[in-house]
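Novice: Supplied in structure tokens, the structure appears directly below.
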Amino acid sequence: MAAPARFSDLPDYAFPRLRKLLDGHAPGGEPIAMSIGEPTHPMPPFVGEVIAANLQGFASYPPNEGTPELLAAISGWLGRRYDVEVAPDRLLALNGTREGLYNVAMALCPETKNGQRPVVLVPNPFYQVYMVAALSVGAEPVFVPATDATGHLPDYASLPPEVLDRTAMAYVCSPANPQGAVADRAYWTTLLQLAKRHDFVVLADECYSEVYRDAPPDGALAAAQALGADPERLVVFHSLSKRSNLAGLRSGFAAGGAGAIARMRQLRNYAGAPLPLPLQRVAERAWADEGHVAASRALYQEKYRLADEILGDVPGYRPPQAGFFLWLPVEDGEAATLRLWREAGLRVLPGAYLAKDAGQGNPGQGYIRVALVAGASDVRRGLGLLRDVLYR
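Here it is in structure tokens:
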């Protein structure tokens, strides 16, 4: 197996790079944070009550895979949301889905595929943990453009057969971060059929699934069930961070075939950090409640309308279908980001920091990512300033 990349060789993460770009410059106005996807809507009202009622649980080691009650709550939510049946032995509670998105490669990626170094397919732009997971197990990350030309989702079927035959895993984020595109039933079906033909596992990052404009996004589990796909062909990841505005709770889950989940559980026995029991009780309650989710979604939908109103006539503006980011076209993402900070105090993220030049240029170079996580008044002010500075 090829040696994993040394972590000292990896590029800086997006937000340290952003600090290096901006922090030597004074803001041109009262700062508005629109760079990081940290929800600011109210968290569910029951959080403190549930923690207080279960405080003694901090004295006990929590179960590695999740309490039976939490796994039942997750299974129930999947049934209501996607009309799928997922037994508890096909679920694993996670200390935030970043853990699962990384460790799934550790648990499931083979050392070789058809006698060669395995490939892990990564959409470009991408969440950086996908790349690091691939490198950590000695696999070759292959970055596949997810641009306007492909509907901002990766077209894995367009890859040469020799690449697909080496592919062990393929990451997909839907709704996509940063573009807000949604994989429909046809996309998932085509990808699952491709995975069957070339014998790889689909890793579906669906952490933004409950933040959407109109219709709830279709899910990979529902597509797999309708197709009659092998459950071991797919692992899906969900989180409470965006759905329930509980980024600090660090609670998510993975759902997949019983064999895949058993291997992930076994790895977690040695290398995981189970969620404390009181926090598992909060997560159990959160997955069982939709009222707070609908209220938060309505706030995001109001901000979609603001974005359409303020930026709708900007050339290249694409209303996001879901998620809480705008992916805005500019001439140069770094230059635009620095200009917005120096002239208006608006903090956004260069698109190039979320993508990689894989031989065809960096597909994020001509974009900035703008997070719609602040209150509506700050979003209105921020987008107005952005339009005045960049598109006047």
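According to my numbering, the residues represented by the sequence shown are 2 to 393, in order.
Beta carbons: idealized from backbone N, C-alpha and C, even for Gly.
Give the secondary structure of Gln366 by DSSP, where H, G and I count as helix, E and B as strand, and everything else as coil.
Specialist: Residue numbering aside, residue 366 sits at position 365 when the sequence shown is read from its first letter. Reduced to three states, the DSSP call for Gln366 is coil.
Novice: With a CB to CB cut of under 7 Å and the five nearest residues on each side skipped, what residues in its chain are close to Asp166?
Specialist: Sequence index remark: in the sequence shown, residue 166 carries index 165 (1-based). The residues are Asn115 and His199.
Novice: With a CB to CB cut of under 7 Å and the five nearest residues on each side skipped, what residues in its chain are close to Ala372?
Specialist: Against the sequence shown, residue 372 aligns to sequence position 371. Around Ala372: Met35, Ser36, Ile37, Gly38, Phe325 and Phe326.
Novice: If Trp288 and Ala74 are in contact, beta carbons under 8 Å, what's the gap, nearest whole angstrom?
Specialist: For the purposes of this step, residue 288 is taken as the residue at position 287 of the sequence shown. For the purposes of this step, residue 74 is taken as the residue at position 73 of the sequence shown. At roughly 4 Å, the Cβ-Cβ gap stays under 8 Å, so Trp288 and Ala74 are in contact.
Novice: When DSSP builds the beta bridges, which residues end up paired with Leu235?
Specialist: What you label residue 235 is simply residue 234 of the sequence shown in a count that begins at 1. Beta-bridge pairing links Leu235 to Val203.
Novice: Can you name the start and end residues of the beta strand (DSSP E) that Phe47 belongs to?
Specialist: Indexing the sequence shown from 1 puts residue 47 at position 46. Per DSSP, Phe47 belongs to no beta strand (DSSP E) and is neither H nor E.
Novice: Can you give the beta carbon distance from Leu278 to Leu235, rounded, assuming they're within the 8 Å contact cut?
Specialist: As a position in the sequence shown, residue 278 is number 277, starting the count at 1. As a position in the sequence shown, residue 235 is number 234, starting the count at 1. Not a contact, Cβ separation roughly 30 Å.
Novice: For Arg282, which residues from the same chain have a beta carbon less than 6 Å from its beta carbon, with the 5 sequence-adjacent residues on both sides left out?
Specialist: Here residue 282 refers to the residue found at position 281 when the sequence shown is read from its first residue. Result list for Arg282: Val51 and Asn55, in chain order.
Novice: With distance defined between alpha-carbon atoms, name the residue in Ala15, Leu22, Leu72 and Pro40 nearest to Phe254.
Specialist: Within the sequence shown, the letter at position 253 stands for residue 254. Nearest of Ala15, Leu22, Leu72 and Pro40 to Phe254, Cα basis: Leu72.
Novice: Identify, in the order they occur along the chain, each residue of the same chain with its Cβ nearer than 6 Å to the Cβ of Asp389, setting aside the five sequence neighbours on each side.
Specialist: Along the sequence shown, one-based indexing puts residue 389 at 388. Here the set comprises nothing.
Novice: Let me know the alpha helix (DSSP H) ranges lying completely inside the segment 320 to 367, each 4 residues or longer, listed in chain order.
Specialist: DSSP runs (the alpha helix (DSSP H)) wholly in the segment 320 to 367: 334 to 345.
Novice: Can you name, in chain order, every residue of its own chain whose Cβ lies under 7 Å from the Cβ of Asp84, other than the five neighbours on each side?
Specialist: Locating residue 84 in the sequence shown gives position 83, counting from the first residue. The residues are Ala223.
Novice: Hey, Gly365 and Pro179: beta-carbon distance below 9 Å or not?
Specialist: Position 364 of the sequence shown, counted from the first residue, corresponds to residue 365. Position 178 of the sequence shown, counted from the first residue, corresponds to residue 179. Yes. Within cutoff.
Novice: Roughly how many whole angstroms lie between the Cα atoms of Leu102 and Trp342?
Specialist: Taking the sequence shown and counting its residues from 1, the one referred to as residue 102 is at position 101. Taking the sequence shown and counting its residues from 1, the one referred to as residue 342 is at position 341. If I take the Cα positions, the gap works out to 32 Å.
Novice: On the DSSP bridge assignment, give the partners of Lys114 in chain order.
Specialist: As a position in the sequence shown, residue 114 is number 113, starting the count at 1. In DSSP, Lys114 forms a bridge with Gln117.
Novice: To the nearest whole angstrom, what separates the beta carbons of Gly367 and Asp333, a pair I think is in contact under 8 Å?
Specialist: For the purposes of this step, residue 367 is taken as the residue at position 366 of the sequence shown. For the purposes of this step, residue 333 is taken as the residue at position 332 of the sequence shown. Correct: roughly 7 Å between the Cβ atoms.
Novice: Pull up the distance between the alpha-carbon of Val173 and that of Pro321, whole angstroms please.
Specialist: The residue given as residue 173 occupies position 172 in the sequence shown. The residue given as residue 321 occupies position 320 in the sequence shown. So the alpha carbons of these two residues sit roughly 17 Å apart.
Novice: Please identify the residue among Phe16, Ala94 and Arg81 whose C-alpha is closest to the C-alpha of Ala284.
Specialist: Within the sequence shown, the letter at position 283 stands for residue 284. Of Phe16, Ala94 and Arg81, the residue nearest in Cα terms is Ala94.
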